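**Q** Per mature numbering (1 follows the signal peptide of the UniProt record, and there is no 0), the sequence shown runs over residues -19 to -1, 1 to 337.
Think of the CB as a built atom: it goes at the ideal place given N, C-alpha and C, for glycine as much as any other residue.
All figures in this text were calculated on a predicted structure; none of them were measured in a lab.
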Amino acid sequence: MRISRILVLVCVLSSIAVAEPAAAAPDPPIGTIVPPIEGYVWGWQPTAASYTSTTGYEHNSAGGAVQITRTGVGRYTVRFVTMAGQGGVAHVSAYGGNTICTVTNWGPVAGDELINLRCFTAAGAAADSRFVAHVSNRKDGAARGYLYSNDATPPVGGYVPLPGYSYDSTGQQIAVFGEGTGSYAVELGAFGQDIGGDWRSGALRVTAYGTTAVTCQVMDPDLFVDPGVLRVRCFDTAGNPANSRFVLSYSRAVVPVSATVDNYGAAPTAAGWSSPGNVAPVITEVDDDGDYIVAFAGAGAAGGHAFAGIMGTPPMYCTIFSWTVSGGALNLRVRCYQPGGGQLNPAVLFTVGFLT
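1) Check this for me: beta carbons of Met297 and Gln319, under 8 angstroms apart or not?
2) Could you round the C-beta distance between Ala177 and Ser150 to whole angstroms and report it? I think they count as a contact, below 8 angstroms.
3) Going by the CB atoms, is the gap between Ala133 and Thr218 shorter than 8 angstroms?
4) Whole angstroms are fine: how far does the CA of Tyr38 sit from the CA of Gly258?
5) Compare the Cα-Cα distances from Arg181 to each of Val238, Pro142 and Leu313 and report the closest residue.
6) Please identify the residue among Asn221, Tyr129 and Ser74 whose C-alpha is closest to the C-alpha of Leu169.
7) In this structure, does DSSP put Leu204 in helix, strand or coil?
8) For Tyr190, collect the residues of the same chain with a Cβ closer than 6 angstroms to its Cβ; drop the 5 residues on either side in sequence, then sort them by chain order.
9) For Ala328, which beta-bridge partners are listed by DSSP?
10) Pull up the CB-CB distance for Ser255 and Val236, whole angstroms please, since I reckon it's below 8 angstroms.
11) Taking the alpha-carbon of Ala240 as reference, which of Arg233, Gly253, Ala234 and Ala247 has the nearest alpha-carbon?
12) To the nearest angstrom, how far is the alpha carbon of Leu313 from that of Leu211?
13) Thinking C-beta only, is Arg186 closer than 8 angstroms to Phe288?
14) Hey, Val275 and Cys299: beta-carbon distance below 8 angstroms or not?
15) In angstroms, rounded to a whole number, what distance separates the CA positions of Met64 and Gly45?
16) Could you give the distance in angstroms between the alpha-carbon of Ala283 and the alpha-carbon of Ser303?
17) Under a three-way DSSP split, which group does Asp179 fall into?
18) Are the CB atoms of Thr196 and Val73 within a distance shorter than 8 angstroms?
19) Just the C-alpha distance for Thr52 and Gly322, rounded to the nearest angstrom, thanks.
20) Identify, in the order they occur along the chain, each residue of the same chain with its Cβ nearer than 8 angstroms to the Cβ of Asp243, setting aside the five sequence neighbours on each side.
21) Using 8 angstroms as the threshold, is the C-beta distance between Phe158 and Tyr165 below it?
22) Please state whether DSSP places Gly253 in a helix, a strand or coil.
23) I'd like to know if the stretch 55 to 62 and the stretch 83 to 99 are in contact, where contact means that at least 3 CB-CB pairs between them fall below 8 angstroms.
24) Classify Val260: buried if its beta carbon has 16 or more other beta carbons within 10 angstroms, exposed otherwise.
25) Taking its Cβ as the centre, do 16 or more other Cβ atoms sit within 10 Å of Asn80, making it buried, or is it exposed?
26) Which residues in the same chain have their Cβ closer than 6 angstroms to the Cβ of Ala114, if we skip the five residues on either side of it in sequence?
27) Check whether the Cβ atoms of Gly290 and Pro222 sit closer than 8 angstroms, and answer yes or no.
28) The alpha helix (DSSP H) with Gly170 in it runs from where to where?
This is the structure in structure tokens:
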């Protein structure tokens, strides 16, 4: 059930007045076909001034290099050479620990596609960190939707996100509504059509947008009377609700390896998944304090891009601690943390995904 409120013109105009992630690319010549873009990288040298990623854990759909520059403590620019695109969304996340990373902007510059991000300690201080980053404006797949929620305090009646940075494969209008401090309702038809259960095999991801240490999470849809409407909650490092802009994306039959892990019971199980041969992943608790391995048989692949996110037990956040291949299986290790000190904490519902 959609919230279905009429968005008055003034709300739309006020959302358009907010600065976009980056300057838009000029219109291409008439007749020019602009290909979709997709790029990802593992930032593994947190203190290096600048380097070109050649680990195999990077991808540039234009075939160019992927470069990372450290512009200050905890500040990085990822450059996908010759991959300048139009719109789309970017996600970032810390890797290998309890640090927090946010996206500060993305977009085309001088023919390249850039992602700027910042990382922080669990207490909120700027900190050098390893990270993973991804950007795409693709529109393929059985179900796909994404948006940049550019207003941290939506007007009464909600607003429509910037059209250049949002997409819904159902063709329905995307809308974002405020429900209190740091609390948002998102109408995304691509997700709503899958609420019968298919969404659990898809890939759901949210990233805080801004220059301070904020984490955002999508709540378990089953906790609400209208589960087809996504609920996003954002928090500061003390665990208090915090108003924030954010980037959200959902897809099904696009990300080749993904799962929603249910830990409400005695042991974690896969509530839904996508994998080669449709084989259910095996989830192992490394310990009972929020450290998990999600193993997908037959999905082992060189390189790639892994991500994870929390959906239950707010306020918390999850990151990819590592990913490995053994015996043909892809093993995604996920750690989940509570705010403040960043101690490990069990998660009752989280998601994982892997791109190649």
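**A** Concretely, from the data shown:
1) Here residue 297 refers to the residue found at position 316 when the sequence shown is read from its first residue. Here residue 319 refers to the residue found at position 338 when the sequence shown is read from its first residue. Closer than 8 angstroms, so yes.
2) Position 196 of the sequence shown, counted from the first residue, corresponds to residue 177. Position 169 of the sequence shown, counted from the first residue, corresponds to residue 150. For the record, residue 177 in the displayed sequence is Gly; it is not Ala. At roughly 17 angstroms, the Cβ-Cβ gap does not stay under 8 angstroms, so Gly177 and Ser150 are not in contact.
3) Residue mapping note: residue 218 aligns to position 237 of the sequence shown, counting from 1. Residue mapping note: residue 133 aligns to position 152 of the sequence shown, counting from 1. In this structure, Ala133 does not lie closer than 8 angstroms to Thr218 by Cβ.
4) Counted from its first residue, the sequence shown places residue 258 at position 277. Counted from its first residue, the sequence shown places residue 38 at position 57. Approximately 24 angstroms, taken between the alpha carbons.
5) Residue 181 sits at position 200 when you count from the first residue of the sequence shown. Checking every option, the nearest Cα to that of Arg181 belongs to Val238.
6) In the sequence shown, residue 169 corresponds to position 188, counting from 1. The candidate whose alpha carbon is nearest that of Leu169 is Tyr129.
7) Within the sequence shown, the letter at position 223 stands for residue 204. If DSSP states are grouped into helix, strand and coil, Leu204 belongs with the helices.
8) Residue mapping note: residue 190 aligns to position 209 of the sequence shown, counting from 1. For Tyr190, same chain residues with a beta-carbon under 6 angstroms away, outside a window of 5 residues either side, are Val84, Arg226, Phe227 and Val228 in chain order.
9) By one-based count along the sequence shown, residue 328 stands at place 347. BP columns for Ala328 are empty, so no partner.
10) Within the sequence shown, the letter at position 274 stands for residue 255. Within the sequence shown, the letter at position 255 stands for residue 236. With a Cβ gap of about 7 angstroms, Ser255 and Val236 count as contacting.
11) Along the sequence shown, read from residue 1 onward, the residue named residue 240 stands at position 259. The residue with the shortest Cα to Cα distance from Ala240 is Gly253.
12) On the sequence shown, residue 313 is found 332 positions in, with the first residue counted as 1. On the sequence shown, residue 211 is found 230 positions in, with the first residue counted as 1. Each residue's Cα considered, the two are about 25 angstroms apart.
13) Within the sequence shown, the letter at position 307 stands for residue 288. Within the sequence shown, the letter at position 205 stands for residue 186. Going by C-beta atoms, Phe288 is nearer than 8 angstroms to Arg186.
14) Residue 275 sits at position 294 when you count from the first residue of the sequence shown. Residue 299 sits at position 318 when you count from the first residue of the sequence shown. In this structure, Cys299 does not lie closer than 8 angstroms to Val275 by Cβ.
15) Along the sequence shown, read from residue 1 onward, the residue named residue 64 stands at position 83. Along the sequence shown, read from residue 1 onward, the residue named residue 45 stands at position 64. Roughly 7 angstroms between the two C-alpha positions.
16) The residue you call residue 283 lines up with position 302 of the sequence shown. The residue you call residue 303 lines up with position 322 of the sequence shown. For Ala283 and Ser303, the distance between alpha carbons rounds to 14 angstroms.
17) Locating residue 179 in the sequence shown gives position 198, counting from the first residue. Asp179: helix per DSSP, three-state reduction.
18) Residue mapping note: residue 73 aligns to position 92 of the sequence shown, counting from 1. Residue mapping note: residue 196 aligns to position 215 of the sequence shown, counting from 1. Cβ atoms of Val73 and Thr196: not closer than 8 angstroms.
19) Against the sequence shown, residue 52 aligns to sequence position 71. Against the sequence shown, residue 322 aligns to sequence position 341. Using only the alpha carbons, I get a separation of about 26 angstroms.
20) Numbered from its first residue, the sequence shown carries residue 243 at position 262. Here the set comprises Pro249, Thr250, Ala251, Ala252, Val329 and Leu330.
21) The count along the sequence shown starts at 1 and reaches residue 158 at position 177. The count along the sequence shown starts at 1 and reaches residue 165 at position 184. Closer than 8 angstroms, so yes.
22) Indexing the sequence shown from 1 puts residue 253 at position 272. For Gly253, the three-state secondary structure derived from DSSP is strand.
23) The stretch 55 to 62 makes contact with the stretch 83 to 99, as at least three CB pairs between them are under 8 angstroms.
24) Indexing the sequence shown from 1 puts residue 260 at position 279. So Val260 ends up on the exposed side.
25) Here residue 80 corresponds to residue number 99 of the sequence shown, with the count starting at 1. Here the sequence assigns Thr to residue 80, which means Asn is not the residue at that position. Its Cβ being crowded by 16 or more others within 10 Å, Thr80 is buried.
26) By one-based count along the sequence shown, residue 114 stands at place 133. These residues qualify, in order along the chain: Val22, Val59, Val73 and Ile96.
27) On the sequence shown, position 309 is the one that residue 290 refers to. On the sequence shown, position 241 is the one that residue 222 refers to. For Gly290 and Pro222, no; Cβs fall outside 8 angstroms.
28) Translated into the one-based positions of the sequence shown, residue 170 becomes position 189. Per DSSP, Gly170 belongs to the alpha helix (DSSP H) from Gly170 to Gly173.
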